[in-house]
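Q: My structure is below; once you've seen it, I'll send some questions.
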């Protein structure tokens, strides 16, 4: 019933001419077929962290966005970017897995950028509000963010800006990999996200672990993840030795995870780790390192890597 009423409301807006009409349109191939988008969208809503990142990297400030995973606002690195560039903060129109359709509608968007995982039922509703661009689902890979950013760049008619943003990441990675090789800092590394229940090893197929690999580190832990794809089961404190390498990048998503980590740091099992004794545990922001993606996220992650390995 609620969806029926919403659909009637959308039809009324379309009939009343309140939604932005199609000016010159271009056609994009998306997960839900070909979609016509306006040449110069002015009111963009992003329903995916990677889409928000790509839009900002392309010079477009969305009017609406979803929160970051484990938070009640956009990711901290995005907030920092908006503030540093004196840009308007987007209105929050939902959380990662629960979009508020009415809030999206209120922004009167002329373009919606969504995640590959967007359910078809939601797509059908959103596409009545504005052209909705959904990337094709790809197997988990550390470089997926590049293809997604390029699609979002096409939707925004800002392909050149996205190409430049990705090239800037590539150039920085090349320079850092040379510096890391010269520094001889040790190469074995783990990325662990500490949850309230304990630590989970994160996949080598994330943007963050992909960047660690590209600058010259050897990301470990694949055997602990197995078929799960994104992360391992929670490890007990007794099994922390399984993540003892040259470097341990340690992320938390929220206060509960941080509290659990603070408690674990008092345990003998944690303090026996060689990586702890060698002072090579690197605290990182879990929202950035295990949830975000895009050119701006890549640069922020590289900042953290550079500060740790090349101080």
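Numbering (this note's numbering), first residue to last: 2 to 312. Idealized CB from N, CA, C, for every residue including glycine. None of the values given here were measured: they were computed from a predicted structure.
Sort out for me which residues DSSP pairs residue 92 with in a bridge.
A: Numbered from its first residue, the chain shown carries residue 92 at position 91. Beta-bridge analysis with DSSP links residue 92 to 65.
Q: Compare the C-alpha of residue 287 against each of 262, 34 and 270 and name the closest.
A: On the chain shown, position 286 is the one that residue 287 refers to. Nearest C-alpha to residue 287: 262.
Q: Using the three-state DSSP reduction, which class does residue 33 fall into: helix, strand or coil?
A: Residue mapping note: residue 33 aligns to position 32 of the chain shown, counting from 1. In the structure shown, residue 33 sits in coil (DSSP, three-state: anything other than H, G, I, E or B).
Q: Within the chosen definition, does the stretch 55-66 reach the stretch 150-161 through at least 3 CB pairs nearer than 8 Å?
A: yes
Q: Evaluate the contact criterion for the stretch 111-122 versus the stretch 84-95: three or more CB pairs, one atom per stretch, below 8 Å.
A: Flag = no, the stretch 111-122 and the stretch 84-95 do not touch.
Q: Chain B beta carbons: is any one of them nearer than 8 Å to that of residue 300?
A: Annotation note: the requested chain B is absent from the structure, which comprises a single protein chain.
Q: Near residue 92, what residues of its chain come up, given a Cβ to Cβ distance below 6 Å and the 5 sequence neighbours on each side ignored?
A: Position 91 of the chain shown, counted from the first residue, corresponds to residue 92. Answer for residue 92: 65, listed in chain order.
Q: Buried or exposed for residue 166, going by 16 or more other Cβ atoms inside 10 Å?
A: As a working mapping, residue 166 is identified with position 165 in the chain shown. Buried, since its Cβ has 16 or more Cβ neighbours within 10 Å.
Q: Taking three-plus beta-carbon pairs below 8 Å as touching, is the stretch 274-284 in contact with the stretch 215-222?
A: no
Q: Could you give the DSSP three-state label for residue 200: helix, strand or coil?
A: In the chain shown, counting from the first residue as 1, residue 200 sits at position 199. It is a strand residue.
Q: Is residue 138 buried or exposed, if buried means 16 or more other CB atoms sit within 10 Å of its CB?
A: The sequence position of residue 138 within the chain shown is 137, counting from 1. Counting Cβ neighbours within 10 Å, residue 138 comes out exposed, since fewer than 16 surround it.
Q: What does a CB cutoff of less than 7 Å around residue 198 pick up in its chain, not counting 5 residues either side in sequence?
A: Residue numbering aside, residue 198 sits at position 197 when the chain shown is read from its first letter. The beta carbon of residue 198 is closer than 7 Å to those of 235 in its chain, skipping five residues each way along the sequence.
Q: Enumerate in chain order the residues of its own chain whose CB-to-CB distance from residue 90 is below 6 Å, with the five nearest sequence positions on each side excluded.
A: Translated into positions along the chain shown, residue 90 becomes position 89. So the qualifying residues of the chain are 83.
Q: Check residue 124 in the structure and name its three-state DSSP category.
A: Start at 1 with the first residue of the chain shown, and residue 124 comes out as number 123. Three-state DSSP puts residue 124 in a helix.
Q: Let me check understanding here. Comparing Cα to Cα, which of 272, 298, 248 and 290 lies closest to residue 309?
A: If you number the chain shown from 1, residue 309 lands on position 308. Measuring from the Cα of residue 309, the nearest candidate turns out to be 248.
Q: Just the Cα atoms here: how many angstroms apart are residue 297 and residue 125?
A: Along the chain shown, one-based indexing puts residue 297 at 296. Along the chain shown, one-based indexing puts residue 125 at 124. Whole-angstrom Cα-Cα distance: 30 Å.
Q: Return the Cβ separation of residue 283 and residue 251 in integer angstroms, given the expectation that the two are a contact with Cβ distance under 8 Å.
A: Here residue 283 is taken as the residue at index 282 of the chain shown, counted from 1. Here residue 251 is taken as the residue at index 250 of the chain shown, counted from 1. That pair is a contact at about 7 Å.
Q: For the putative contact between residue 270 and residue 212, defined by C-beta atoms under 8 Å, what is the C-beta separation to the nearest angstrom?
A: For the purposes of this step, residue 270 is identified with residue 269 of the chain shown, where counting begins at 1. For the purposes of this step, residue 212 is identified with residue 211 of the chain shown, where counting begins at 1. That pair is no contact at about 29 Å.
Q: Out of 133, 45 and 62, which one is the CA nearest neighbour of residue 31?
A: Mapped onto the chain shown, residue 31 falls at position 30. Among 133, 45 and 62, the Cα nearest to that of residue 31 belongs to 133.
Q: Determine the closest residue to residue 175 out of 34, 112, 307 and 36, with distance taken between C-alpha atoms.
A: Position 174 of the chain shown, counted from the first residue, corresponds to residue 175. Measuring from the Cα of residue 175, the nearest candidate turns out to be 307.
Q: Could you give the distance in angstroms between the alpha-carbon of residue 22 and the alpha-carbon of residue 243?
A: In the chain shown, counting from the first residue as 1, residue 22 sits at position 21. In the chain shown, counting from the first residue as 1, residue 243 sits at position 242. Reliability of the predicted coordinates at residue 22 is poor, the pLDDT of 44 falling under 50, and the value obtained from them is presented with this limitation in mind. Taking the straight line from one Cα to the other gives about 57 Å.
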